[in-house]
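Residue numbers 1 to 349, in the UniProt record's numbering, belong to the letters of the sequence shown in order. Every residue gets a Cβ at the ideal spot worked out from N, C-alpha and C, and that includes glycine. The model shown is predicted, which means the values in this text are computed figures rather than measured ones. Heads up: the structure comes next, in structure tokens.
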Amino acid sequence: MSTFVLAILALELMILVHELGHLLVAKRVGIAVYTFAIGFGPRLGAFTLGETTYALNALPIGGYVHMAGEDLDTRQPDVPPERSFRTKSVAQRLAVVCAGPVMNFLLAIVLLAAIAGAFGIPVGVSTRVGTLLPGYPAAAAGLRPGDVILAIDDQPMKDGETIVQTIHSSGGRTLALLVQRGTEQRVIHVPTQYDQKQRVWLTGFSPAVIRKHLDPMSALGWGALTTGRDIVAYLSALGGLLRSGRLLGELSGPVTAVNVLGQAAHAGAETFLYITAFFSIIIGLFNLFPLPALDGGRVAFLVVEGLWRRPVDPRREGYIHLVGFGLLLCLIIALTIRDFLHPVRLPLP
């Protein structure tokens, strides 16, 4: 299967679980659901089960769940008032609206748990050479992946952290590395190179990572903890971009998402799963922004309704979401054009 197809499937999976969250909670609280759709534009296929039509559309850039009483479309068939989105309590409607982003976070947890179980989580670095960067002194000197570094300048190396610290503080001198390669030992002299960005001395290799495989429950716990940390980190980064006025310059569209997912798929299963989890978290957070047409915009109106003890005029809210959707569509088109003009490449070996 091509990396492009895998990227599209990953994007569709993130959209699917998001909309599935809305659908399941809406049905759970008794709201009539007319349409569950993945994608926009021309319909590729559909089937009807009960009162709901399930559709797959041509443009895989989103999806929607059309519920009774949610928008301005008066052409939908009448349903009992108790089955309308508008007649449900604020808490029930909040649950329906927030279920999509929550499902994206849950997907990230499951994907990260799969990584922890199948590939293990990093718990340290060893004295074994992991990766070599082309064009750096280590590769030119003859160091190879799998070599075990026993000593540097006659100083024993007990772990990977000690190796990294020794190289970083080398002061630019050539280092004598005593390495074990198979059954023989040899000394390899490796010059160091100063990195202006990191302000440390480097040789151009990374020690191999020591990994620990987790049991299913521990893996889920690690996935939840990592997802929580990533959410906090992304929100902090977002705050920095807002304060610096660089937010619009850092936004990307669906083409970049597919491009990056394709590169991740080419790099291997672990990278692909991690990048998919990353995008799932981003989709969940983006949808919680308090902007019209997004889940966060609907949350904002529900919070206002809860505080005022009376609903916002549904037609006024509907028009606001309609305008917001139009602006969002314009933004997606603009970002798509920029994605084509400035493709993103992952820093992969």
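Cβ separation of residue i and residue j, assumed to be a contact under 8 Å, to the nearest whole Å
i: Asp230; j: Ile281; result: 6 Å
i: Ile149; j: Ile167; result: Their Cβ separation, rounded to whole angstroms, is 10 Å, which puts Ile149 and Ile167 out of contact at 8 Å.
i: Ala277; j: Thr271; result: The pair is not a contact, with the Cβ atoms about 11 Å apart (cut-off 8 Å).
i: Pro60; j: Glu12; result: 6 Å
i: Val260; j: Phe340; result: At roughly 14 Å, the Cβ-Cβ gap does not stay under 8 Å, so Val260 and Phe340 are not in contact.
i: Ala138; j: Ala219; result: Incorrect: roughly 34 Å between the Cβ atoms, too far for contact.
i: Met14; j: Phe325; result: Their Cβ separation, rounded to whole angstroms, is 20 Å, which puts Met14 and Phe325 out of contact at 8 Å.
i: Gly262; j: Phe40; result: Going by Cβ atoms, the distance from Gly262 to Phe40 rounds to 21 Å, so no, they are not a contact pair.
i: Val97; j: Val299; result: 6 Å
i: Thr323; j: Val312; result: It should be noted that the sequence gives Val, not Thr, for residue 323. Contact flag wrong, Cβ pair sits at about 15 Å.
Exposed unless 16 or more other CB atoms sit within 10 angstroms - verdict on residue i
i: Pro349; result: Residue placement at Pro349 cannot be trusted, given a pLDDT of 47 that sits under 50; what the coordinates show is reported in the next sentence. That one is exposed.
i: Asp195; result: exposed
i: Met217; result: exposed
i: Ile337; result: exposed
i: Asp78; result: exposed
i: Tyr319; result: exposed
i: Leu273; result: buried
i: Pro343; result: exposed
i: Thr203; result: buried
i: Ser244; result: exposed
i: Arg93; result: buried
i: Phe105; result: buried
i: Leu49; result: exposed
i: Pro292; result: buried
i: Ser170; result: buried
i: Glu317; result: buried
i: His189; result: exposed
i: Ile333; result: exposed
i: Gly135; result: exposed
i: Thr131; result: exposed
i: Lys158; result: exposed
i: Val258; result: buried
i: Ala114; result: buried
i: Ala10; result: buried
i: Thr174; result: exposed
i: Gly142; result: exposed
i: Leu327; result: exposed
i: Ala118; result: exposed
i: residue 350; result: With the chain represented from 1 up to 349, any question about residue 350 goes unanswered, as that position is not in the structure.
i: Pro81; result: exposed
i: Leu242; result: exposed
i: Leu308; result: According to the sequence as given, residue 308 is Trp; it is not Leu. Exposed, by the Cβ-count rule.
i: Leu177; result: buried
i: Ala7; result: buried
i: Ala58; result: exposed
i: Leu294; result: buried
i: Leu331; result: exposed
i: Ala237; result: exposed
8 Å Cβ cutoff met for residue i and residue j
i: Leu112; j: Thr226; result: yes
i: Arg86; j: Pro314; result: yes
i: Asp153; j: Val179; result: no
i: Gly100; j: Gly21; result: yes
i: Leu37; j: Gly63; result: The sequence shown places Ala at residue 37, rather than the Leu named in the question. Yes, they are a contact pair.
i: Gly297; j: Pro290; result: yes
i: Ala46; j: Ala32; result: no
i: Met67; j: Ala26; result: yes
i: Val110; j: Lys212; result: no
i: Thr127; j: Gly172; result: no
i: Leu23; j: Val90; result: no
i: Val129; j: Arg144; result: yes
Beta carbon proximity, residue i to chain D, threshold 8 Å
i: Glu12; result: Chain labels in this structure do not include chain D; a single protein chain is all it has.
Residues that DSSP places opposite residue i in a beta bridge
i: Trp201; result: Tyr194
i: Gly69; result: For Gly69, which the question treats as bridged, DSSP gives no partner whatsoever.
i: Ile152; result: Gln155, Leu177
i: Lys212; result: Ile121
i: Leu56; result: Ile38, Gly45
i: Ile188; result: Leu177
i: Leu132; result: Phe205
i: residue 372; result: Lying outside 1 to 349, the shown extent of the chain, residue 372 is not represented and no answer is given.
Check your understanding: Does the pairing of the region 183 to 197 with the region 206 to 213 give three or more beta-carbon distances under 8 Å?
Key -> The region 183 to 197, when compared against the region 206 to 213, does not touch it at the 8 Å Cβ threshold.
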